[in-house]
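Quick mapping for you: the protein sequence lines, in order, are chains L and A.
If you read the first sequence in the working numbering, its first letter stands for residue 15, the second for the next number, and so on.
If you read the second sequence in the working numbering, its first letter stands for residue 15, the second for the next number, and so on.
Ideal Cβ positions, reconstructed from N, Cα and C, are used throughout, including at glycine.
Just so it is clear, the structure is predicted and the values come from calculations on it, not from any experiment.
First the structure, in the form of C-alpha cells, and then the observations on it.
Protein chains: 2
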Amino acid sequence: MINKLVDKIKKLNSPILVGLDPMLSYVPSHIQKKAFDVYGETLEGAAEAIWQFNKAIIDACYDLIPAVKPQIAMYEQFGIPGLEAFKKTVDYCKEKDLIVIGDVKRGDIGSTSAAYATGHLGRVIIGNKSYSGFNEDFITVNPYFGTDGIKPFLDVCKEEKKGIFILVKTSNPSSGEFQDRMINSKPLYEIVGEKVAAWGDELMGSCGYSYVGAVVGATYPEMGNILRHTMPKTFILVPGYGAQGGKGADLVHYFNQDGLGAIVSSSRGIIAAYKNAVYTEKFDEESFADASRQAVLDMKKDIMEALED
Amino acid sequence: MINKLVDKIKKLNSPILVGLDPMLSYVPSHIQKKAFDVYGETLEGAAEAIWQFNKAIIDACYDLIPAVKPQIAMYEQFGIPGLEAFKKTVDYCKEKDLIVIGDVKRGDIGSTSAAYATGHLGRVIIGNKSYSGFNEDFITVNPYFGTDGIKPFLDVCKEEKKGIFILVKTSNPSSGEFQDRMINSKPLYEIVGEKVAAWGDELMGSCGYSYVGAVVGATYPEMGNILRHTMPKTFILVPGYGAQGGKGADLVHYFNQDGLGAIVSSSRGIIAAYKNAVYTEKFDEESFADASRQAVLDMKKDIMEALED
C-alpha cells in the first residue's frame, strides 16, 4: 500500500490528502435539512448528513488527491450510526480508488492492539470464514506502549500489505509537555522517531519507503526537519496544515530530496472551505463541494511551489 | 461517579472489577452454535455470541463487583455488529447498576478529543436534541498529547459528573521503552503521574478522590508504590492481575492507608475461568458463568487478605 501511495502521489503530482473530519456545523443547512426530514434530529439523521456531506466532497475532489484521512472520533461521537457513516465513507473512498488512512490513533498492550489491527486493517476469523470490520489501508497508531503494543500492527501490515503511521510529534500546542522532554540530551519525540525507523526497517516497500510511517505535525517545522533525517525511509504524515497554522513554505523539510517522503493533510481548510473568507465570494453553501475542490487546488499549488523553490 | 465507585467498593468490600474482553475463543461452543444457527458465521453471529457470553457472566457476578471494564478493541474487531454488542453490554451493565469503565484508550488533539469525550461520556447536540453515543461512566485516556488533549475530557467529566483513567504506566512488558525513560532523574511515567495529579486537583469528588484517575499496571508493583505517593488523591485502575501475572500481595502499595484508592481489574482470569486448570474439575463449558463467579470470589479473597495483612 505504501507503493501505491507513492505511485499515486507521483502520478497526480499531489502529496496532499483531505481529512474527512465532519463536524455537524460544517454541513450546509440544505444537507442537514434533507437528512433530518427523513430521519429526524437523531443520531441517524446526523450520520446521514455527514455521510452526504462527505460523499459530495469526495465526488468533487477524488481525481486530485491520492488519499483521504477520515478522523474516526468525528463519527464515533454519533455512536453506532456515526460509525456506520465512517464505514460507508471508507468503502466509498476505496470504490473511488482513494487510499484510506483511518485516523484512529489506536494503541494498547499486545493482545488488544492485535484486536485493533484486525478490526481496522485485517480480517477477523469467525468459524470457517473471515471478515474485515472497517478495512482501511493505513491507520494512525499511538506509541506509548512501546514495541509489544506496535508489533501486532506490524504483523497484520505484513500479511495484508497495509501500513500504519505512528504518532511521533503531534501538531497541538501542548504536544511538547511529554514529547519534547529531554532524555540524555535527546527529546522523546526523537527517541520515538528512532524506534519508528527501526520498526519500519523490517517492513520496506519496493518504493524505498517503509509501510511504517510517522505523524509529525505541520506546526513544528524545525522538528520536522530533524525527524526527516532521523527517519530517512519513513513516510511522514503531516497534519496541521491550514486551519491549524501550517503553510507550504514551512513544510519543505518534511520531504526528501526526491520530492517524496511526506504527505500533508488538511481537514477543516478543505471540507469547510465554503465558510472561509477566501472562498465566500465565489462559493456559497450550495456549492460547498466546489469550494473544497478549489481549496485542494490552492493547497496543492502552495505545497508544490514551495517544493520547487 | 467517583463517589459512587468509592461507595460501591466500600459497600461490597470489593475493590475489583471484571474486564469484559471477550475473544471468540473464550465463548463456549454451545453459545457460539446458538448464535451461528441464527446469524450464520458472520460478524452479526460473532457479536451475538460475545453479547450472550457477556450477559451470562454479568448475571452471575454483578452482585459481587462495583464495576466492569469492557475493552472496546475486542468488539471493534467485529466491525459495526461488534460495536453494537459493546453498546448492548454497556447498557446492560448500567441496568444492573454496575459502573462502566470503557477501556477505549482514546486521545488526540483538542478538537478531536472533544469528539471522543462527547461520544463516550457526554451528549452530542443534533438540532434541538442531544444524544449519548456510548454513555460509559468512565473511560481510559492516552496522555501522549499533553494538556490540550486531556482538557476536553475534563470539561465533559465536569459537566456529566463522570471520570477518566489516564495511562501512566501500562502493564505490558515493553511499557518501559518510553514510559521509563529518565528525564532529569525522573522517569516519564512519574512526570505523567504528576500531571495526572495536577489535572485531577481541579475535579475532586466529595469522597476525597478525584474524577481523574490513573492506569498503573499490576505487573510493576514498585512503580505502583512510587506512583501511589506521587498521586495521593488519584484513584488507580490496576490492570494485569491474574493472567498477566499480578498477584494480590503485590498490589497492597497501590492502595492508600484507608484501604481505598485502587481498583484491580482481571479479564481473562475471570471471563475465561472455566478454561483454567484451577476450575476445570468443578466447572465445565456449560457452567462457565459459575466458574467466573468463583474466580471473582477467589480474586476478592486474594486481594482483601493481602490488604488486611
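Nearest-angstrom Cβ-Cβ length linking residue i and residue j, presumed shorter than 8 Å
| i | j | result |
| --- | --- | --- |
| V104 of chain A | G121 of chain A | Actually they do not touch by this definition, with Cβ atoms about 20 Å apart. |
| K183 of chain A | G231 of chain A | 6 Å |
| V310 of chain A | I284 of chain A | 6 Å |
| L278 of chain L | P29 of chain L | Per the sequence shown, residue 278 of chain L should be read as Val rather than Leu. Yes, they are in contact, since the Cβ atoms of V278 of chain L and P29 of chain L sit about 6 Å apart, within 8 Å. |
| I240 of chain A | A276 of chain A | The Cβ separation is near 14 Å, so there is no contact. |
| V138 of chain L | I86 of chain L | Between I86 of chain L and V138 of chain L the Cβ distance is about 18 Å, and since that is not below 8 Å, they are no contact. |
| P42 of chain A | F302 of chain A | 5 Å |
| L38 of chain A | I72 of chain L | Contact flag wrong, Cβ pair sits at about 34 Å. |
| Q258 of chain A | S185 of chain A | 6 Å |
| V170 of chain A | G136 of chain A | 4 Å |
| W213 of chain A | I164 of chain A | 6 Å |
Cross-chain neighbours of residue i in chain L, by beta carbon under 9 Å
| i | result |
| --- | --- |
| V138 of chain A | L38, L57, A60, Q91, F92, G93, G96 |
| T294 of chain A | Near T294 of chain A there are no residues of chain L at all, since even the closest Cβ is about 22 Å away, more than 9 Å. |
| F148 of chain A | E90, G93, I94 |
| K315 of chain A | Near K315 of chain A there are no residues of chain L at all, since even the closest Cβ is about 26 Å away, more than 9 Å. |
Any chain A beta carbon closer than 8 Å to residue i
| i | result |
| --- | --- |
| I205 of chain L | yes |
| D122 of chain L | yes |
| I197 of chain L | yes |
| M88 of chain L | yes |
| K101 of chain L | yes |
| K289 of chain L | no |
| E236 of chain L | no |
| F269 of chain L | no |
| G116 of chain L | no |
| K22 of chain L | no |
| A129 of chain L | yes |
| F192 of chain L | yes |
Closer than 8 Å to chain L by CB, residue i
| i | result |
| --- | --- |
| P187 of chain A | yes |
| Q85 of chain A | yes |
| G33 of chain A | no |
| F152 of chain A | no |
| G9 of chain A | This structure leaves residue 9 of chain A out entirely; chain A is present only between 15 and 323. |
Residue of the options minimising C-alpha distance to residue i
| i | options | result |
| --- | --- | --- |
| Y145 of chain L | A:K200, A:K314, A:A61, A:G214 | A:A61 |
| F148 of chain A | A:A81, A:L97, A:G275 | A:L97 |
| Y130 of chain L | L:K315, L:N142, L:P166 | L:P166 |
| P84 of chain A | A:I197, A:C107, A:F92 | A:C107 |
| M318 of chain A | A:L26, A:G190, A:L19 | A:L26 |
| V206 of chain L | L:G160, L:H243, L:N290 | L:G160 |
| G262 of chain L | L:P235, L:L34, L:P95 | L:P235 |
| F192 of chain A | A:N186, A:L202, A:D272, A:N198 | A:L202 |
| A228 of chain L | L:E216, L:K247, L:G222 | L:K247 |
| K289 of chain L | L:E299, L:K175, L:A49 | L:E299 |
| M15 of chain L | L:A81, L:V52, L:W65 | L:A81 |
| H134 of chain A | L:D215, L:F50, L:E90, L:A303 | L:E90 |
| V32 of chain L | L:A287, L:E295, L:T294, L:K296 | L:A287 |
| K102 of chain A | A:I140, A:D272, A:E150 | A:E150 |
| H243 of chain A | A:T154, A:E109, A:F67, A:H267 | A:H267 |
| F100 of chain A | A:K24, A:E174, A:Q308, A:I64 | A:I64 |
| Y74 of chain L | L:K314, L:D312, L:A305, L:K315 | Reading off the sequence shown, one finds Ala at residue 74 of chain L, where the question assumed Tyr. Ranking the options by Cα distance to A74 of chain L, first place goes to L:A305. |
| I23 of chain A | A:P187, A:P157, A:V52, A:Y76 | A:Y76 |
| L181 of chain A | A:K69, A:K209, A:D316, A:A320 | A:K209 |
| L217 of chain A | A:L168, A:E204, A:R195 | A:L168 |
| L19 of chain A | A:A128, A:K175, A:I94 | A:K175 |
Contacts that residue i makes with chain L (C-beta to C-beta distance below 7 Å)
| i | result |
| --- | --- |
| T132 of chain A | Q91 |
| G283 of chain A | The premise fails here: G283 of chain A is roughly 13 Å from chain L at the closest Cβ pair, so nothing lies under 7 Å. |
| K108 of chain A | Chain L residues near K108 of chain A: none, gap ~15 Å exceeds 7 Å. |
Contact list for residue i against chain A, beta-carbon separation under 7 Å
| i | result |
| --- | --- |
| F297 of chain L | Neighbours of F297 of chain L on chain A: none; closest Cβ ~24 Å, over 7 Å. |
| F50 of chain L | G141 |
| K119 of chain L | G121, D122 |
Proximal residues of chain A, C-beta to C-beta of residue i below 9 Å
| i | result |
| --- | --- |
| K143 of chain L | G54, E55, T56 |
Cβ of residue i within 8 Å of any chain C Cβ
| i | result |
| --- | --- |
| A263 of chain A | Within the model displayed, chain C is absent; protein chains L and A are what it includes. |
Within 8 Å of chain A by C-beta, residues of the region 157-186 of chain L in sequence order: P157, Y158, F159, G160, T161, D162, G163, L181, T184, S185, N186
Anything in the region 240-255 of chain L with a Cβ closer than 7 Å to a Cβ of chain A? List those residues in chain order, please.
none
What are the residues in the region 202-227 of chain L lying within 8 Å of chain A by C-beta distance?
L202, I205, V206, K209
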